[in-house]
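Novice: For the protein sequence lines, the chains are S and U, in the order given. Here my numbering runs 39 ahead of the position in the first sequence, where the first position is 1. Here my numbering runs 3 ahead of the position in the second sequence, where the first position is 1. Idealized CB from N, CA, C, for every residue including glycine. Attaching a single structure in C-alpha cells format; questions to follow.
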Amino acid sequence: MSHHAEVTDPQGPPHVHHMDSTTAYQAAKFGMWLFLATEILLFGGLFCAFALFRWTYLEEFHHASKHLNVWMGGTNTIVLIISSYFAAMAVDAAQHGDNKKVVRNLTVTIICACGFLVIKYFEYSSKYHHGLFPLNPEFNSPEFNKAYQSFFALYYCMTGLHALHVIIGMCLLGWVISLARKNRFSGRYYTPVEVGALYWHLVDLIWIYLFPLLYLVG
Amino acid sequence: MSTATATGEKKNYLNEHTGIWSWIYTLDHKRIGIMYTVTLFMFFFTAGIFALLMRYELMHAGPSGLMTPDQYNQLFTLHGAIMVFLFIVPGIPATLGNFLIPLMIGAKDVAFPRLNLLSYYIYVAGAIMALVALSSPVDTGWTFYTPYSIQTGQGVVLMTGAAFVLGFSSILTGLNFVVTIHKLRAPGMTWMRLPLFIWAAYATAAIQVLATPVVGINLFLLIIERTMGIGIFDPKLGGDPVLFQHLFWFYSHPVVYIMILPAFGIIAEIIPVFSQKPIFGYKAVAFASLAIALIGFFVWAHHMFLSGISDTSAAFFSIITFAVAIPTAVKVFNWVSTMYRGSIRLDTPMLYAISFIFIFMVAGTTGIYLATLGVDIFYHDTYFVVAHFHYTMQGGAVIGMIAGLHFWFPKMSGKMYSETTAKIAFILIFVGFNMTFVPQFVLGMHGMPRRYFDYPPEFESLHFASTIGAFANGLGYALAILNLAYTALFGKTKAGRNPYNSLSLEWQTDSPPIHDNFEVTPIVTDWTYGYGEPIKGQSHH
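Printed below as a string of C-alpha cells:
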C-alpha cells in the first residue's frame, strides 16, 4: 500500500517502486474492495443464521425484539451515518491536499464512533440488568424460552462482531490521522484516506442492515 | 542490474542477502514461497506419520495394542485437520504460487509484499495454535460437526480457533494474488496470453477470498457457543446442527477446488513443455478453471444427502455436482490431446503429470458415483468416500504439487536433482498410493464404515494390503522430498536458465532468479505455448 522507500533497511529491501504510483493506488483500492467482499460474506453467515431462526421461531423473535431499545438503536444509526459523512469529507480534503482538514474530519468520525460505542454500552448493560445474556444461569435454564435464547445469541454475535469492526475501524482511521499530521497526503497520494474511508463506510453499511433487522423487523 | 560477488558468482535472490534475519523480514515473494514450502512439508510429514500410525492399527483385525480407540479417533482428526488446514489448503498457492505468479506475469513482486509476509506469519500463528491444541487432542474428525464438537474435550476451541486464524492467512494470500494478476502483468501480457497456471491460481484465489469468510463465521459461532453456552447449533438450546453443516460445506466444498485447481494449472504447464507442443484448447482449459470455481459454489449440500435436507434440494445439488464433471473432463481431454503426437520426454515432472491424469480420472469418476443420490445412500461414510477423496486430494493435489516442485526445482534452487532417485520415489508413490486406496474402494463397496477403530476379520486382507501400500507411499514421499532437500543444500549440478526448453517467462530469467526477477521488465508479444510455431516477435528474449 505505502510506497515509501526504506533505503536504510539492510535486510532484503522491498521491491521499491515495483509498480508506479497510479497502479499502486488502483491496486490498494481494488484490494480493499475485495476485502470488503470478504467482510460481507463473514456477516452473510450470520444473516443466514438469523433468517433461519426467524423463520423457525417467528412469533418469539417478534416478542424478543421488543426488548431492544429502538430509540437507542435509531440514534446510533444516525450517529454512524454522520460519522460516514465526515469520513467521505476527509477523502475530499485529502484529494485537495488539505491535511489539516483530513485530521479535523476524521477526528469527528472517531468521536462519533466513540459515541456509538457508549450508547451500545448502555444498551448492553440494560440487557445485563434484565438478565438477558447467555452466561446467566436463569437465561440458560430449560424453562426459559429457547427462541429467546436464539434471538439474543444472534443479537450479541451480530452487534458484538459489528462493535469489534467499529473498534478496528477507529484504529485504522487513527493511523490515517497520524499520517495526515505528518502532511503525507496530496492530490497525488491519498490512498490510505480512501481505503480507510471505504472500510468505515462498510462498518456503517452493516449497521444499516443490522438495525432494521434486529430492532424493527425482529 | 546484476552484479558479481567476490567469488565471481552472479547474485540471486538466495545469496544477495544472507543471515537468518534476511529471511525472517523478507518481503521477496520468492523467499516467502520457500519459507511456506519448508513449513508446509513439516506439517505434511507430521500428518503423514499420523496416517501411517492409523494404517498400522488397521493392518490386522482386533486392537494392535499401539493405541486406544480414543487415541485412534484423535489421530484421524489430527491427520485430517492438519492435512487440510495446514498443508493442502495453503498448499500450491502459498508455495509455488508465491514463487511463480510474479515471475510468470513478468512482475517484480506481488501487489502487497508486506501483506504477503503478514499472511505467512498469520499462518505460523495458526499453526502454533494447532500445535498447542495437541495437548488436548480433538476427536471430532476434521469437520467439527455439531453437536458432538460442543460436548467433547476443550481442544475443539483451540483447533477451530487455529482453523479460523489460518483462514485469515488464506484470504489475504488470495486477495494479494487476485490484485497482482489484475494489476501487475508485464506489458503485452494480456489475459489470453497468461500461462494456464495463472488462470488456475486466479480462480483459486477468487474462491479463497469468497468462501473462507463463511467458514470463519461458522467456526467463530462454534467457539462462542462452546465458551458462552449460546444456542446456535445445539438443539438442546434451540439451535440447528444442520446449519453448521451448511455453513461448513459452503466453504469446505469450494475448498477442494482451492486444493485441486492449482494442481490442474501445474499439469497444464508441464504437459506442453514435455510434449513440446502448444496446449490444446487454451481458452477451454482457462475457462474450465473459472467454471469449476463458479459451479463449485453451488454443490456443497452433496455432503449432506443423509443429513435430513429435503429431497428437492438433494436432487438439485446432485445435478449441479454432475455439472462439475464437464469442465474437469474438458481439461483432461485437452491435456491428452496436447500429448498426442508430441515429442514426449518422460522426465520426473512428466511422469507425475501423466500419473495425475490417470489418478484424477478415477477420482472424478468415483465422484460421479457419490453425487448420485441412490448410490450415495449406500456409499455414504464408507471407505469408498475415503478412497475417493484421497484420489482427489493426495493423488490429485499432492501429486500435482510434487510434480510442480520437481518441475520448477531447477528454477527455485538453480540446481538439478538426481533423476534416478526422483524416479524411484515416483514409482514408490504411484504404486504405494494405488495399493493403499484401491483396496479401500473395495472395502467401501463391501460396507466398511470410515473412522472405525476395528473391523470384522473378513476385511483383513484388504486392510493389510492397504497398510503395506501406505508405508510404500510414505517412503516414496520421504525419498522424493529428501532428494530435493539434499540437492538444494548440497547439490553440485547446476541447472541452466531453461533446462526443459519452456517458453514461459519464468524460465527466461536466471536460475535462481535475481532479487528483482528480471533485469529489464519483459515485453510479451506472444502466448506462452507457441512450441514449434514460428516466432512472432522477440517475445521471450
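#1: Helix, strand or coil, according to DSSP, for Y228(S) in the structure here?
#2: For Y16(U), which residues in the same chain have their Cβ closer than 7 Å to its Cβ, ignoring the five residues on either side in sequence?
#3: Beta-carbon separation of M107(U) and P198(U) under 8 Å?
#4: With DSSP collapsed to three states, give me the class of K14(U).
#5: Taking 8 Å as the threshold (C-beta atoms), are A166(U) and M262(U) in contact?
#6: Hey, is M58(S)'s beta-carbon within less than 8 Å of any beta-carbon in chain U?
#7: Please classify I27(U) as buried or exposed, where buried requires at least 16 neighbouring CB atoms within 10 angstroms.
#8: Excluding five sequence neighbours on each side, which residues of the same chain lie with their C-beta closer than 8 Å to the C-beta of W252(U)?
#9: For R93(S), count the other beta carbons within 10 Å of its own beta carbon; 16 or more makes it buried, fewer makes it exposed. Which is it?
#10: When you compare only the Cα positions, how much space is there between N337(U) and T368(U)?
#11: So, for G235(S): in the same chain, excluding its five sequence neighbours on each side, which residues have a beta-carbon less than 6 Å away from its beta-carbon?
#12: Using a 10 Å radius around the Cβ and a threshold of 16 neighbouring Cβ atoms, would you call P216(U) buried or exposed?
#13: Please report the distance separating the alpha-carbon of I150(S) from that of V160(U).
#14: Can you list, in chain order, the stretches of the alpha helix (DSSP H) that have 4 or more residues and sit fully within the segment 75-134 of chain U?
#15: How far does the alpha helix (DSSP H) with A294(U) in it reach, from first residue to last?
#16: Starting from K418(U), trace the alpha helix (DSSP H) both ways and give me its first and last residue.
#17: At which residues does the alpha helix (DSSP H) containing A1(U) begin and terminate?
#18: Classify G407(U) as buried or exposed, calling it buried when 16 or more other Cβ atoms lie within 10 Å of its own Cβ.
#19: So, does the segment 321-334 of chain U touch the segment 362-381 of chain U, judging by three or more C-beta pairs under 8 Å?
#20: I need the DSSP call for I517(U), collapsed to helix, strand or coil.
#21: Pick out whichever of A390(U), T385(U), Y343(U) and M353(U) has its Cα sitting closest to the Cα of A366(U).
#22: Given that a residue counts as buried once 16 or more other Cβ atoms are within 10 Å of its Cβ, and exposed if not, what is T496(U)?
#23: Please check if any C-beta of chain U sits within less than 8 Å of the C-beta of C196(S).
#24: Report the rounded CA-to-CA distance for D243(S) versus Y124(S), giving the unit in angstroms.
#25: Residues of chain S with CB under 9 Å from G17(U), in chain order?
#26: Does the CB of H185(U) have a neighbour CB from chain S at under 8 Å?
#27: For a test of the three-state rule: what should DSSP assign to K280(U), helix, strand or coil?
#28: Note down, in chain order, every chain S residue with its Cβ under 7 Å from the Cβ of G241(U).
#29: Give the residues from the segment 102-116 of chain U that approach chain S closer than 8 Å (Cβ to any Cβ), ordered along the chain.
#30: Going by Cα to Cα distance, which pick from I270(U), L487(U) and D457(U) is closest to A64(U)?
#31: Would you list the residues sitting across from K185(S) in a DSSP beta bridge?
#32: Take the Cβ of K239(U) as the centre, count every other Cβ of all protein chains shown within 10 Å, and call the residue buried at 16 or more, exposed below.
#33: To the nearest angstrom, report how far apart L431(U) and P72(U) are at their CA atoms.
#34: Counting pairs of Cβ atoms below 8 Å between the segment 475-488 of chain U and the segment 72-84 of chain U, do you hit three or more?
#35: Can you list, in chain order, the residues of its chain whose CB lies under 6 Å from that of F191(S), leaving out five sequence neighbours each side?
#36: Would you tell me roughly how many angstroms separate the C-alpha atoms of K14(U) and M419(U), rounded to the nearest one?
Specialist: Considering the structure as presented:
#1: On the first sequence, residue 228(S) is found 189 positions in, with the first residue counted as 1. Correct three-state label for Y228(S): strand.
#2: On the second sequence, residue 16(U) is found 13 positions in, with the first residue counted as 1. Closer than 7 Å at Cβ, skipping near neighbours: D31, K33, R34, P515, P516, I517 and H518.
#3: Here residue 107(U) refers to the residue found at position 104 of the second sequence. Here residue 198(U) refers to the residue found at position 195 of the second sequence. A contact, by the Cβ cut-off of 8 Å.
#4: The residue you call residue 14(U) lines up with position 11 of the second sequence. If DSSP states are grouped into helix, strand and coil, K14(U) belongs with coil.
#5: One-based indexing of the second sequence puts residue 262(U) at position 259. One-based indexing of the second sequence puts residue 166(U) at position 163. Cβ distance not < 8 Å, so M262(U) and A166(U) don't count as in contact.
#6: Walking along the first sequence from the start, residue 58(S) turns up at place 19. It does: the Cβ of M58(S) has a partner Cβ on chain U nearer than 8 Å.
#7: In the second sequence, the residue the question calls residue 27(U) occupies position 24. With fewer than 16 other Cβ atoms within 10 Å, it is exposed.
#8: Taking the second sequence and counting its residues from 1, the one referred to as residue 252(U) is at position 249. Here the set comprises W303, A304, H306 and M307.
#9: The residue given as residue 93(S) occupies position 54 in the first sequence. By the 10 Å Cβ count, R93(S) comes out buried.
#10: One-based indexing of the second sequence puts residue 337(U) at position 334. One-based indexing of the second sequence puts residue 368(U) at position 365. Approximately 17 Å, taken between the alpha carbons.
#11: Stepping through the first sequence from its first residue, residue 235(S) is reached at position 196. Hits under 6 Å: L211, L212 and V215.
#12: Counting from 1 along the second sequence, the entry for residue 216(U) is found at position 213. Answer is buried; the Cβ neighbour count reaches 16.
#13: On the first sequence, residue 150(S) is found 111 positions in, with the first residue counted as 1. On the second sequence, residue 160(U) is found 157 positions in, with the first residue counted as 1. Roughly 36 Å between the two C-alpha positions.
#14: 101-108
#15: As a first step, residue 294(U) is located in the second sequence; it is residue number 291 there, counting from the start. From DSSP, the alpha helix (DSSP H) with A294(U) extends over Y285 to I298.
#16: Indexing the second sequence from 1 puts residue 418(U) at position 415. Note, K418(U): premise wrong, no alpha helix (DSSP H); not H, not E.
#17: A query on residue 1(U) cannot be resolved here, the shown segment of chain U reaching from 4 to 544 and no further.
#18: One-based indexing of the second sequence puts residue 407(U) at position 404. G407(U) is buried by the Cβ-count criterion.
#19: yes
#20: One-based indexing of the second sequence puts residue 517(U) at position 514. Note: I517(U) maps to strand in three-state DSSP.
#21: As a first step, residue 366(U) must be located in the second sequence, where it is residue number 363. A366(U) has its Cα closest to that of A390(U), out of A390(U), T385(U), Y343(U) and M353(U).
#22: Looking up residue 496(U) in the second sequence gives position 493. With fewer than 16 Cβ atoms within 10 Å of its Cβ, T496(U) is classed as exposed.
#23: Taking the first sequence and counting its residues from 1, the one referred to as residue 196(S) is at position 157. It does: the Cβ of C196(S) has a partner Cβ on chain U nearer than 8 Å.
#24: Here residue 243(S) refers to the residue found at position 204 when the first sequence is read from its first residue. Here residue 124(S) refers to the residue found at position 85 when the first sequence is read from its first residue. Cα to Cα, the separation comes out at about 10 Å.
#25: Mapped onto the second sequence, residue 17(U) falls at position 14. This sequence places Leu at residue 17(U); Gly is not what is there. In chain order: nothing, as chain S lies at least about 11 Å away.
#26: One-based indexing of the second sequence puts residue 185(U) at position 182. Closer than 8 Å to some Cβ of chain S, the Cβ of H185(U) qualifies, so yes.
#27: As a position in the second sequence, residue 280(U) is number 277, starting the count at 1. Here K280(U) sits in coil by DSSP.
#28: Looking up residue 241(U) in the second sequence gives position 238. K185, A186, Q188 and S189, listed in chain order.
#29: A110, K111, D112, A114, F115 and P116
#30: Numbered from its first residue, the second sequence carries residue 64(U) at position 61. That would be D457(U), whose Cα lies nearest to the Cα of A64(U).
#31: Your numbering for residue 185(S) matches position 146 in the first sequence. K185(S) is not bridged to any residue.
#32: Stepping through the second sequence from its first residue, residue 239(U) is reached at position 236. Classification of K239(U): exposed, given that the 10 Å Cβ count is below 16.
#33: Residue mapping note: residue 431(U) aligns to position 428 of the second sequence, counting from 1. Residue mapping note: residue 72(U) aligns to position 69 of the second sequence, counting from 1. Going from the Cα of L431(U) to the Cα of P72(U) covers about 30 Å.
#34: no
#35: As a working mapping, residue 191(S) is identified with position 152 in the first sequence. Excluding sequence neighbours, F191(S) sits near L171.
#36: Against the second sequence, residue 14(U) aligns to sequence position 11. Against the second sequence, residue 419(U) aligns to sequence position 416. Approximately 19 Å between the Cα atoms of the pair.
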